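Engineer:
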Amino acid sequence: MNDFRKSGTIMVVDDKPSNLKLLGKMLKEKGHQIRIFPKGELAVKSAMADPPDLILLDINMPEIDGYEVCRRLKENQSTRDLPVIFISAFTATEDKIKAFRLGGVDFITKPFQVEEVHARVEIHLALKYIKAALEEKNKVLEQALNDLQAAQQQLILSEKMAALGVLVAGIAHEINNPVNFIKTSVVGLQNDMQDLEELIQAYETCAETCPLPIRLEQIVKIKKKIDYHLLMKEMPEMVRNVLEGIRRTEEIIGSLRTYSRLDKVETEKTDLHELIEAALVILKNRHKKQIRILKHYAPLPSISAHPGKLIQVLINILSNAIDAVQKKKEPEHAVISIETTEQLRNKTNYVLIQISDNGPGIPKDILNNIFDPFFTTKAVGEGVGLGLAISFGIMQEHQGTIEVHSNPDEGTTFSLLLPVNQEVI
Ligand SMILES: Nc1ncnc2c1ncn2[C@@H]1O[C@H](COP(=O)(O)OP(=O)(O)OP(=O)(O)O)[C@@H](O)[C@H]1O
Ligand SMILES: [Mg+2]
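Residue numbering for the sequence shown follows this note's numbering, starting at 11 and increasing by one per position.
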């Protein structure tokens, strides 16, 4: 910051021609461009038309005085920031105070010392250039910040899309299971029905024509062939299977509905246990392998919340817990426990959801960073480090908090605290 221009365009306003001449000459010798004005009115017009870098302004002038000139300059957008140095024979403190109050940056008393004028002019020119350079830098920084924010939004969006992709794949897999289940049972039922049809037909055909012993013999034969007793046992079982498959599909679709309320603006009475169950259904194909899920649910009041957003918090934390326990040396001992309680703190009712895992824990030296956007310890493609940052924001929106306790080798607990009667932002 040391190569500021030392010269600039300076406007000198003074009603005394001798002063104008002297000041003009000495400033010109220092390499400044000079514009001199014997009257305030003209000076204001010229400054507005083509602002100089600095103004040296006498106070005591006929028509409009220096104070008025300064006031008019400060009133106008294009001249508001021009540095004005008053140069006057007035020496009283109140004159100086008035000059500064009107926006003057300095005050030189007449008769002046040439060196003093040069020093002050130089300082104020330098300050002006520094200010302009800072403003320029500020603009660049502002632009950079805007770009960064836009890039961050874009990343958050692509993170959501990627998460959605994983979910869709998981859900497709999830729905496939009960659909196969239903299909197998329906095919079985179809076969059984064909066998039954044969039996009924045989019965009808010989019901009237055959003598009773032959009829019975024939029916016994067919019953044996179609394994009638087994068929009667397995048919209701297959119907139960179909109903179970339908129930499971409905459950998955129900949880998807909760997730699709993501961008819903209004809040609604939300049952947190339903939300936890929906999150578990959505993540099911990730946690069913070997992970034991323990639940301790206390009776909870429903809270007013954005269910689509809160489920995102639950999904983020549960999916981190799943990632964590999968790193265990003995993955068959992987446990994730979910505990809910209602709590009274400072006369306010809260619900507390604690999600614990017995994964490897979070090292102490990174514990303070995990909520930072883009902080991740996962490999490229496995995580971008936005899950907890997004969850933190959502909990804040609900006037809640999210805390973590972790002991390396023991595991991690995330605690979500939500006020029961909250005003969601
Ligand atoms: N239960 C946990 N056990 C161990 N480490 C965890 C746990 N939860 C979070 N972390 C650590 O915190 C980091 C940040 O988590 P966050 O959810 O914000 O991002 P991510 O899981 O890495 O990526 P993303 O969620 O965007 O896919 C993780 O990379 C991991 O190091
Ligand atoms: Mg995550």
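We put the CB at the ideal spot given by N, CA and C, even for glycine. Predicted, not measured: the structure shown is a model, and the values here were computed from it.
1) Would you decide whether H42 is buried or exposed? Buried here means 16 or more other CB atoms lie within 10 Å of its CB.
2) Enumerate in chain order the residues of its own chain whose CB-to-CB distance from V414 is below 6 Å, with the five nearest sequence positions on each side excluded.
3) If the criterion is Cβ atoms closer than 7 Å, does the pair A57 and V23 meet it?
4) Return yes when at least one heavy atom of ligand 1 lies under 6 Å from the C-beta of R319, else no.
5) Quick one: is the Cβ of I412 within less than 6 Å of any heavy atom of ligand 1?
6) What I want to know is whether the C-beta of I330 ends up closer than 6 Å to one or more non-hydrogen atoms of ligand 2.
7) When the Cα atoms are used, what is the spatial distance from Q162 to E152?
8) So what's A99 in DSSP terms, helix, strand or just coil?
9) Buried or exposed: which applies to S88, given that a residue is buried once 16 or more other Cβ atoms fall within 10 Å of its Cβ?
10) Buried or exposed: E207, going by 16 or more other Cβ atoms within 10 Å of its Cβ?
11) Have a look at K294, A315, Y238 and flag the residue whose alpha-carbon is nearest the alpha-carbon of E261.
12) Over the uninterrupted alpha helix (DSSP H) stretch that includes K120, give me the two end residues.
13) Quick one: grab the DSSP three-state call for V22.
14) Quick one: grab the DSSP three-state call for H306.
15) With C-beta atoms as the reference, is I95 less than 7 Å away from L137?
16) Quick check for students: name the residue ranges of the alpha helix (DSSP H) that lie wholly in the region 186-262, counting only runs of 4 or more.
17) What does the Cβ neighbour count give for T422, buried or exposed, with the cut at 16 atoms within 10 Å?
18) Can you tell me which residues form a DSSP beta bridge with I363?
19) For the candidate residues M203, P188, N326, K337, whose alpha-carbon lies nearest to that of I263?
20) Throw me the rounded Cβ distance for the M71 and R45 pair, which I believe falls under 8 Å.
21) Quick one: grab the DSSP three-state call for I396.
22) Specify, as a first and last residue, the run of the beta strand (DSSP E) that H415 falls within.
23) Pull up the distance between the alpha-carbon of G113 and that of I69, whole angstroms please.
24) With hydrogens ignored, establish whether the beta-carbon of K108 is closer than 6 Å to any heavy atom of ligand 1.
25) Quick check: is any heavy atom of ligand 2 less than 6 Å from the C-beta of G371?
26) May I have the straight-line CA-CA distance separating L10 from A289, to the nearest angstrom?
27) Cβ of A334 within 6 Å of any heavy atom in ligand 1?
28) Would G18 be called buried (16 or more neighbouring beta carbons within 10 Å of its own) or exposed?
29) Do you know whose CA, among D367, S366, E352, lies nearest Y360's CA?
30) Could you check if P416 is buried or exposed, using at least 16 other CB atoms within 10 Å of its CB as the buried criterion?
Structural biologist: Short version:
1) buried
2) F424
3) no
4) The identity of residue 319 in the sequence shown is Lys, whereas the question assumes Arg. Not under cutoff, so the answer is no.
5) no
6) Note that residue 330 is Asn in the sequence shown, not Ile. Under cutoff, so the answer is yes.
7) 15 Å
8) coil
9) exposed
10) exposed
11) K294
12) Where K120 is concerned, there is no enclosing alpha helix (DSSP H), given that its DSSP letter is neither H nor E.
13) strand
14) strand
15) no
16) 222-235
17) buried
18) T350, L426
19) P188
20) About 16 Å; that fails the 8 Å criterion.
21) Inspection of the sequence shows that residue 396 is occupied by Leu rather than by Ile. Of the three classes helix, strand and coil, the one that applies to L396 here is coil, per DSSP.
22) 411-417
23) 13 Å
24) no
25) no
26) It is not possible to answer for residue 10, since the shown part of the chain is limited to 11 through 435.
27) yes
28) buried
29) E352
30) Sequence check: residue 416 is Ser here, not Pro. The residue is buried, with at least 16 neighbouring Cβ atoms inside 10 Å.
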